[in-house]
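Beneath this line is the structure, given in structure tokens, with notes to follow.
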Amino acid sequence: MIIKWIVKILKAINSNKMPNEIAAGIAMGFLLAMMPVKNLFWITIFIITLFLKINLSMQLVSIAVLKTFIFILDPIINRIGLFLLNIKFLEPVFNFLYNMPLMPFTNYNNSIVMGSFLFGVILWYPVYRLSIAGVIKYRLNVRDKIIKSKIYKTITKLPIIKQIITLGHKLQKNYSKIK
Amino acid sequence: MKNKIPKIFNKNYTKEDLERDLLKYLDSSNNLKFLKDIFIKDGEYLKLKKDLTKNDIKKLKNLAKTIKSNKSNIRKNRLIVVGIFIVIILLFNFFFKNKLVETAIEKSLELSFKAKANVKNVKLKLLQGNLSFDSLEVANKEKPMYNLFELGYTDIDINTSQLLRKKIIIDKFITKQLKWDTKRKYSGKLIKTKSETKKSAAKKIEKNIKQDINKILEEQMNQLQSPQKIEEINEKIKDINQKWSENIETTKEDIQSIKKSYNSLSNTNFDKIEDKTKIKDTIENIKTLQSSLKNVKSNINTMNSDFNSDLKYINNSRKMIDDIYKNDINFVKQKLNLPSTSKNIFKNILNSYLKRKLGKFYKYVEMGKGAVNKKKKPDKETKKVASKNRNGYFVPFKTVNYPKFLLKLFDFSLEKDSSSKELSLNIKDLTPNHKLIGKPSKLEFYQKERNNTIQVKGSYDTRENIEDKINLIVNTRNYPFSITEMDNNEYISGIKGQYNIKLSYSEKKEKKKGSLSIGLKNLLVESKSDDKIAAILKQILENTTLVNINAEFNIEDSEIANLKVNSNIDNQIKNSLGKYMSSQLGEYEKMIKEKMDGRLKDRLNLNSDLLSKNQNLLDNFQDNKKMLNNYDNMIGELKKKATKKMGSSIFDKVLDIFK
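Respectively, the protein sequence lines represent chains A and B. Start counting the first sequence at 5; every next residue gets the next number (our numbering). Start counting the second sequence at -13; every next residue gets the next number (our numbering).
Here is the structure:
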């Protein structure tokens, strides 16, 4: 499964896939990794991403990778969340939301959920832009150099990598057949 | 060849259009270069080159796919799948949802009331939290051809936001055409229950009264004490008579011998006797006679005391026979099971009937409580203080904390129609958790039809610190009634008339009690038989203008306990039935006596004979005693004469004394 994801990511980066798709995957992955999972907010955002042209593999890998160390930011996120939830003039809004049918299931009144959502939304665009730039830069400057490099050629000759490449080709064929 | 080129490349593009429509969606520099090279300038527009190779066309096809896929930001395929799914849900919503809800309502009602339930045309609007149906009927478990209740059009509004928090908050419940005890087209029975036909005590009584007394006597003869006792007493009297006839005979013989001796001595002429020795001998003989008479007398005295004690026993024995005889008659009477408690007959009928009905009423109260408290789980209190979570703090906001179930208002009223019927039902704050809402549930029901009124008022509270848990008052006036299920007695099969009821029931912290006051008027009683008791009951009930029945009861271990029933006709029934029963008892007693006498005749006759014999013996004994006394006097006289003849010689006297 993980190998499949890696292949897909490598294929996406190296193919004609739009860099904004990959970048959106990374940015959404970042947002979802920031937020705690067990709430309606997270589930809703995740479901929305399924219908958008976002690189899902990149999004899932981003979530998996960022989740492992995103907790480092928890103290800051917690403070931001608490600050936001305790803003006096926003209290009527929060009260209104609290008494709405589905809103309590979003856990929006949780400091981490609120903080991480806010943090994630604010950082989403910078992450997106940076990711686009990164992908373009990679494709322009790095990809061809890597392909031409001796290390790449040696590595691709390794049995495991060969298998990965074969798998990549198979996937591509299946994909085009389905299409 | 040209036909195989994707359409998007067959158009004429300006430089800007090419950039906007095609190049923008490509990223690879090779691809961009290829596409820029393949389009050549033709006047104002850019067009595809004409000499395209197979490889070029193949590459164009791939690029067309890439551009197409990169153009849209939404994954249409997935959206279509979800769209189909939503359409399926909507179809289910339109065609099956209501049917499903209908079945669910019917099944749950059938489970609660153990009888058939039907709901028609259920409409459920999930998002609005609205449920409505055209009619609902729940059959009566006891009378399957009748409905326990029936509802017309009903509309319920539920707070969906609270429903998502697993709390049932009913904001509004409107229902029309509530009917009770309406006829059903088909039976509403779910499970067949075995009806136990218990023989009532009264039936047993009547059956036993009608039993042949002879048969009972025959069966119980071994249990009767009187025949054996009479025989015992007769035997003893026989022995006594035997003993005393012998004793009297012996005494008679002794008296005869004394008589003989006295006669021989009394013939002595003392005037002619001069010989002192002869006189002396005569005196000696008299003395001997005197001493033997003394012995007989002392024997007879001893006998007398024995005889008296035996006489005492004989006299007592008659009394003993009478007592045992009476006991035996009572014993037989008991076996006849004569209705000595018949004075409470109406009370018993009422007691049993009310116990059944009140038991049913209590079951409904419990059922109601059970329905409200079903699966009661403690409601979570509002979090006043932010609590630490694994991933942060939950900040609480103001919200109304509802219990798991709350029916804020149920208001139902029926407008006056041509039959001048008024009906209203009002329920407020119905919930299993009154602690959260801080007030009790209240119920008010009122119905008036012509002169008939029914009014129910009640409250229910589950708060622990509140003393009054349940208060219920039911008032009905001028309602016609017809009871045809009075199988708990042998006298009345049915009663028709009008009734007023005031039922009050309360559950305090530790006590459940209630009282019932029933006023019955215009009664028509249907007797079960031509029985005299039934006739008396019928007469009294029908002739009393207002029969007042008061009952008090407690609930212990979910059962009606200490049911005390009394009515204003109790004394009347008591007197009439008492009179009748005492005459009946007299008759029965007479019959028993006759039969017993027939059976004990020989023994009793023997006893009478023995007693008369005994009386004869007593007379004989008294005669003997009398005779002895006479002889004693006569001998004394004789002795005096002899002594006188002997003279008054001192010498002789001294000699006599000396001797």
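We treat Cβ as the ideally placed atom computed from N, Cα and C, and that holds for glycine. Remember, predicted model here, so these are calculated numbers, not experimental data.
With residue 661 (chain B) and residue 288 (chain B) assumed to form a contact (beta carbons below 8 Å), what rounded beta-carbon distance in angstroms separates them?
Any property of residue 661 (chain B) remains undetermined from this structure, which presents chain B solely from -13 to 645.
Counting beta carbon pairs with one atom in the region 95 to 108 of chain B and one in the region 81 to 88 of chain A, are three or more of them shorter than 8 Å?
No contact exists between the region 81 to 88 of chain A and the region 95 to 108 of chain B.
Taking just the CA atoms, how far does residue 62 (chain B) sit from residue 410 (chain B)?
Spanning the two alpha carbons is a distance of roughly 57 Å.
Does the CB of residue 55 (chain A) have a neighbour CB from chain B at under 8 Å?
It does; some Cβ of chain B falls within 8 Å.
Give a yes or no on whether the minimum CB-CB distance between residue 106 (chain A) and chain B is below 8 Å.
Interface residue, yes.
State the CB to CB distance for the pair residue 490 (chain B) and residue 454 (chain B), rounded to an integer number of angstroms; the pair is presumed to be in contact (CB under 8 Å).
Going by Cβ atoms, the distance from residue 490 (chain B) to residue 454 (chain B) rounds to 12 Å, so no, they are not a contact pair.
Going by C-alpha to C-alpha distance, which of B:423, B:266, B:463 sits closest to residue 435 (chain B)?
Among B:423, B:266, B:463, the Cα nearest to that of residue 435 (chain B) belongs to B:463.
Going along the chain, which unbroken runs of the alpha helix (DSSP H) with 4 or more residues stay wholly within the region 154 to 181 of chain B?
If we require 4 residues or more, the region 154 to 181 of chain B turns out to have no alpha helix (DSSP H) run fully inside it.
CB-CB under 6 Å to residue 158 (chain B), same chain, minus the five flanking residues each way: which ones, in chain order?
Counting only Cβ-Cβ distances below 6 Å, and skipping sequence neighbours, we find 143.
State yes or no: is the beta carbon of residue 132 (chain A) nearer than 8 Å to at least one beta carbon in chain B?
For residue 132 (chain A), the answer is no, since every Cβ of chain B falls outside 8 Å of its Cβ.
From this set, B:44, B:55, B:49, B:37, which residue's C-alpha is nearest residue 56 (chain A)'s C-alpha?
Residue 56 (chain A) has its Cα closest to that of B:55, out of B:44, B:55, B:49, B:37.
Looking at the unbroken alpha helix (DSSP H) that takes in residue 78 (chain A), where does it start and where does it end?
Residue 78 (chain A) -> alpha helix (DSSP H) spans 78 to 89.
Please classify residue 115 (chain B) as buried or exposed, where buried requires at least 16 neighbouring CB atoms within 10 angstroms.
Buried, since its Cβ has 16 or more Cβ neighbours within 10 Å.
Please confirm if the region 301 to 319 of chain B is in contact with the region 578 to 597 of chain B, defined as three or more CB-CB distances below 8 Å between the two stretches.
Touching, yes.
Rounded to a whole number of angstroms, what is the C-alpha to C-alpha distance between residue 3 (chain B) and residue 25 (chain A)?
If I take the Cα positions, the gap works out to 23 Å.
Can you look up residue 463 (chain B) in the DSSP assignment and give me helix, strand or coil?
Residue 463 (chain B): strand per DSSP, three-state reduction.
Could you compute how far the alpha carbon of residue 15 (chain B) sits from the alpha carbon of residue 25 (chain B)?
Going by the C-alpha atoms only, they are around 16 Å apart.
Flag this pair as yes or no: are the beta carbons of residue 120 (chain A) and residue 381 (chain B) separated by less than 8 Å?
Cβ atoms of residue 120 (chain A) and residue 381 (chain B): not closer than 8 Å.
Are the CB atoms of residue 300 (chain B) and residue 215 (chain B) nearer to each other than 8 Å?
Not a contact, by the Cβ cut-off of 8 Å.
Taking only beta-carbon positions, decide if residue 384 (chain B) is within less than 8 Å of chain A.
True, the Cβ-Cβ gap to chain A drops below 8 Å.
Report the residues of the region 5 to 20 of chain B with a CB closer than 8 Å to any CB of chain A, ordered along the chain.
Those would be 11, 12, 13, 14, 15, 17, in chain order.
Check the Cβ of residue 56 (chain B) against every Cβ in chain A and list those closer than 7 Å, keeping chain order.
Correct list: 22.
Please go through the same chain and pick out, in chain order, the residues whose beta-carbon is closer than 6 Å to the beta-carbon of residue -7 (chain B), but skip the five residues on each side of it.
So the list is empty, once near-sequence residues are dropped.
Around the C-beta of residue 510 (chain B), are 16 or more other C-beta atoms found within 10 angstroms, so that it is buried, or is it exposed?
Exposed, since its Cβ has fewer than 16 Cβ neighbours within 10 Å.
Return no unless some Cβ of chain A is closer than 8 Å to the Cβ of residue 147 (chain B).
Yes, its Cβ sits closer than 8 Å to a Cβ of chain A.
DSSP puts residue 37 (chain B) in a beta bridge; with which residues?
Its beta-bridge partners do not exist; DSSP assigns none.
Where do the N-terminal and C-terminal ends of the alpha helix (DSSP H) with residue 29 (chain A) fall, by residue?
Here the alpha helix (DSSP H) through residue 29 (chain A) covers 23 to 38.
Please classify residue 491 (chain B): does DSSP put it in a helix, a strand, or coil?
Residue state, collapsed to three classes: strand.
Using a cut-off of 7 Å between C-beta atoms, extract the partners of residue 98 (chain A) located in chain B.
What residue 98 (chain A) touches in chain B: 383.
Would you please state the rounded distance, in angstroms, between the beta carbons of residue 293 (chain B) and residue 628 (chain B)? I believe it to be under 8 Å.
About 35 Å; that fails the 8 Å criterion.
What is the DSSP secondary structure of residue 439 (chain B), counted as helix, strand or coil?
Residue state, collapsed to three classes: strand.
Is there at least one Cβ from chain B nearer than 8 Å to residue 115 (chain A)'s Cβ?
Yes, residue 115 (chain A) lies at the interface with chain B (some Cβ there is under 8 Å from its Cβ).
Please confirm if residue 59 (chain A) has its CB atom under 8 Å from at least one CB of chain B.
So no, residue 59 (chain A) is outside the interface.
When burial is assigned at 16 or more other CB atoms within 10 Å of the CB, is residue 156 (chain B) buried or exposed?
So residue 156 (chain B) counts as buried.
Give a yes or no on whether 8 Å exceeds the smallest Cβ distance from residue 380 (chain B) to chain A.
Residue 380 (chain B) counts as touching chain A.
For residue 174 (chain A), which three-state DSSP category applies?
Residue 174 (chain A) falls in the helix class under three-state DSSP.
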